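Under our numbering, the first residue of the sequence shown carries the number 9, and numbering increases by one thereafter.
Below is one structure; the comments refer to it alone.
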Amino acid sequence: MTPREQEVLTFIAEGYSNREIADALVISVKTVDRHRENLMRKLQLHNRVELVKYAIEKGLISVGGS
């Protein structure tokens with residue numbers, strides 16, 4: 009996973025839309041979509057929910073308060 013793909017994954021896992029991710033990273037929505045597709049292919053995942061679960065399991069984001 010490239011550093012940019014990891015950034016995109018973190019944003020996805022935090023619930024941001026492709027448009028919001030694109031704006032935050034100053035890239036096009038198509039580029040965000042391509043990063044997401046590459047991540048799913050590399051990680052053998054099939055949707056955004058699986059990407060979020062992966063991010064949680066790998067500690068890229070935390071769940072809950074405290």
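Here a beta-carbon is modelled for each residue, glycine too, at the ideal position from N, C-alpha and C.
The model shown is predicted, which means the values in this text are computed figures rather than measured ones.
Residue i - DSSP class collapsed to helix/strand/coil
i: T124; result: For the chain, the structure presents residues 9 to 74; residue 124 sits outside this window and is missing.
i: K66; result: coil
C-beta contact flag for residue i and residue j at 7 Å
i: L68; j: L59; result: no
i: I29; j: F19; result: yes
i: R44; j: V37; result: no
i: L51; j: E13; result: no
i: A21; j: A63; result: yes
Rounded C-alpha distance that separates residue i from residue j
i: G23; j: V16; result: 11 Å
i: K61; j: T39; result: 22 Å
i: E65; j: T10; result: 18 Å
i: R42; j: G72; result: 29 Å
i: S25; j: R49; result: 20 Å
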